[in-house]
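Q:
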Amino acid sequence: MTSLVLTTCPVIIPPREGVVESWTHHHHHVVVNGAHDHWTPILQGRGWLTHTDPARRNLGCPTSWNLAFIEASRRAYRWVIILSQSTALAAGTAEFANWIERRAPADRIVQTSFHFHCIAIPVAVWRRVGGFDESLPIFADIDFYRRAELAGIPPYGRLTLAGLDERCAAARAGAIPESLYDLDAERYATKWGGPARAETLTQPRWEPVATHHCGTGRGDA
Numbered sequence: 118m119t120s121l122v123l124t125t126c127p128v129i130i131p132p133r134e135g136v137v138e139s140w141t142h143h144h145h146h147v148v149v150n151g152a153h154d155h156w157t158p159i160l161q162g163r164g165w166l167t168h169t170d171p172a173r174r175n176l177g178c179p180t181s182w183n184l185a186f187i188e189a190s191r192r193a194y195r196w197v198i199i200l201s202q203s204t205a206l207a208a209g210t211a212e213f214a215n216w217i218e219r220r221a222p223a224d225r226i227v228q229t230s231f232h233f234h235c236i237a238i239p240v241a242v243w244r245r246v247g248g249f250d251e252s253l254p255i256f257a258d259i260d261f262y263r264r265a266e267l268a269g270i271p272p273y274g275r276l277t278l279a280g281l282d283e284r285c286a287a288a289r290a291g292a293i294p295e296s297l298y299d300l301d302a303e304r305y306a307t308k309w310g311g312p313a314r315a316e317t318l319t320q321p322r323w324e325p326v327a328t329h330h331c332g333t334g335r336g337d338a
C-alpha cells in the first residue's frame, strides 16, 4: 500500500478521456473533492474511489488534502499523491507509485517544478510541516511549501507535465470570486509579511524520473 491519489481542485469540468483510467490501481484509494455531474456514472461502481463529502460539495483544496493525509495515516500509507482533476499519469499510478516506493526519499517532496498539478508528499513530511492551512483556500500550497522550506525539507526530483488543460484553468478562474482571492492574498501577506509568489520559492533540483511523468491537456493520456 503506497498512497492516496486525490484531485487538487473541485471537480468542476467533465472528466477528460483517459484521466480516471490512468489513476486506476487496486493499491490506491482516491479522494475526490466534489464531483461534476458527468463524473457520477464513471465514479459509480469503483470501490477504490472515496468521496470527501457525501453531498459532493467543494470542501476546498486544503481541507480535501488534509482529509487525504488523515486517511493515509489511518491506513498506514507512506505517501499521498496530489493530482489536478485533469492530470493523467502517462505511466499509470501503479508504475508511478512503484517509482516513488523504490527511489524517492521518505523525507522529501517529489513534484513538478512548483505547482500542485502533480506532487507526491510523504505522510511523515505532512505531519512534520503541520498539514495545510485551511484558512488559506487559495494559497495553502505556497504556504505549505514555505513551511517545508523552513523545516529544512527541500524538493526532490521533477516530474514532466506535457501541458495544461485550458478548460480546467478557465473553469477554476471563473469559480473563484475576486473578493475571495483578495481576502486570501491579504491573509497570506499578514502571515508571511509579503505576497504569495511561487517564483520566489526553491525550485526542485532535477533528478531523472525515467519515463514516469504526469501530463495534463489533450493527447497525453
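Numbering (our numbering), first residue to last: 118 to 338. Heads up, the beta-carbon is just placed ideally off N, CA and C, and yes, glycines get one too.
Measure the alpha-carbon distance for Leu297 versus Tyr262 and round it to whole angstroms.
A: Position 180 of the sequence shown holds residue 297. Position 145 of the sequence shown holds residue 262. Computed Cα separation, rounded: 21 Å.
Q: Counting only the same chain and skipping the five closest in sequence on each side, list residues whose C-beta sits under 7 Å from that of Arg304.
A: Here residue 304 refers to the residue found at position 187 when the sequence shown is read from its first residue. Hits under 7 Å: Ser252 and Leu253.
Q: Note down the Cα distance separating Ala241 from Ser181, rounded to an integer number of angstroms.
A: Your numbering for residue 241 matches position 124 in the sequence shown. Your numbering for residue 181 matches position 64 in the sequence shown. Taking the straight line from one Cα to the other gives about 18 Å.
Q: Against chain C, with Cβ distances strictly below 7 Å, would Val246 count as a contact?
A: Checking the listed chains, one finds no chain C in this structure; it contains a single protein chain.
Q: Which term fits Gly177, buried or exposed, when burial requires 16 or more other beta carbons within 10 angstroms of its beta carbon?
A: Counted from its first residue, the sequence shown places residue 177 at position 60. With 16 or more other Cβ atoms within 10 Å, it is buried.
Q: Please state if the CB of Ile198 and the CB of Ala257 are separated by a distance shorter than 7 Å.
A: Residue numbering aside, residue 257 sits at position 140 when the sequence shown is read from its first letter. Residue numbering aside, residue 198 sits at position 81 when the sequence shown is read from its first letter. Contact: no.
Q: Would you give the residue range spanned by the alpha helix (DSSP H) that Asn175 belongs to?
A: Locating residue 175 in the sequence shown gives position 58, counting from the first residue. Counting along the chain, Asn175 sits inside no alpha helix (DSSP H), nor does DSSP assign it H or E at all.
Q: How would you call Ala189, buried or exposed, if buried means at least 16 neighbouring beta carbons within 10 angstroms?
A: The residue labelled residue 189 in the question sits at position 72 within the sequence shown. Per the 10 Å Cβ criterion, buried.
Q: Leaving aside the five residues before and after Asp386 along the sequence, list all residues of the same chain whose C-beta is less than 7 Å from its C-beta, in chain order.
A: Because the chain spans 118 through 338 in this model, residue 386 falls outside it and cannot be assessed.
Q: Between Glu266 and Asp301, what straight-line distance do the alpha-carbon atoms span, to the nearest angstrom?
A: As a position in the sequence shown, residue 266 is number 149, starting the count at 1. As a position in the sequence shown, residue 301 is number 184, starting the count at 1. Inter-residue distance for Glu266 and Asp301 is about 21 Å (C-alpha atoms, whole angstroms).
Q: If we count the other Cβ atoms within 10 Å of its Cβ and call it buried at 16 or more, is Ala193 buried or exposed?
A: Taking the sequence shown and counting its residues from 1, one reaches residue 193 at position 76. By the neighbour-count rule (16 or more Cβ atoms within 10 Å), Ala193 is not buried but exposed.
Q: Can you list, in chain order, the residues of its chain whose CB lies under 8 Å from that of Val246, leaving out five sequence neighbours each side?
A: The residue given as residue 246 occupies position 129 in the sequence shown. The answer, listed in chain order, is Phe261, Arg264, Ala265, Ala268 and Ile270.
Q: Over the uninterrupted alpha helix (DSSP H) stretch that includes Phe259, give me the two end residues.
A: Against the sequence shown, residue 259 aligns to sequence position 142. Reading off the sequence, residue 259 comes out as Ile, not Phe. First-last of the alpha helix (DSSP H) with Ile259: Ala257 to Leu267.
Q: Hey, Pro239 and Trp196 are a contact pair by Cβ (cut 8 Å); roughly how many whole angstroms apart?
A: Here the question's residue 239 lines up with position 122 in the sequence shown. Here the question's residue 196 lines up with position 79 in the sequence shown. Right, the Cβ-Cβ distance comes to about 6 Å (below 8 Å), so this counts as a contact.
Q: Within the continuous alpha helix (DSSP H) that includes Asp250, where are the two ends?
A: Counting from 1 along the sequence shown, the entry for residue 250 is found at position 133. Taken as a continuous stretch (DSSP letters only), Asp250 belongs to no alpha helix (DSSP H), as it is neither H nor E.
Q: Can you tell me which of Arg191, Cys235 and Arg244 puts its alpha carbon nearest to the alpha carbon of Leu200?
A: Counted from its first residue, the sequence shown places residue 200 at position 83. Closest by alpha carbon: Cys235.
Q: To the nearest angstrom, how far is it from the Cα of Phe249 to the Cα of Ile293?
A: Mapped onto the sequence shown, residue 249 falls at position 132. Mapped onto the sequence shown, residue 293 falls at position 176. Looking at the two C-alpha atoms, the distance is approximately 19 Å.
Q: Just the Cα atoms here: how many angstroms apart are Gly280 and Pro179?
A: Numbered from its first residue, the sequence shown carries residue 280 at position 163. Numbered from its first residue, the sequence shown carries residue 179 at position 62. Low per-residue confidence applies at Gly280: pLDDT is 46, beneath 50, and the placement is therefore not dependable, though the value from the model is reported in the following sentence. Approximately 24 Å, taken between the alpha carbons.
Q: Quick check on Leu314: does DSSP put it in helix, strand or coil?
A: For the purposes of this step, residue 314 is taken as the residue at position 197 of the sequence shown. It is worth fixing the name first, because residue 314 is Arg in this sequence and not Leu. Here Arg314 carries a coil assignment [DSSP, helix/strand/coil].
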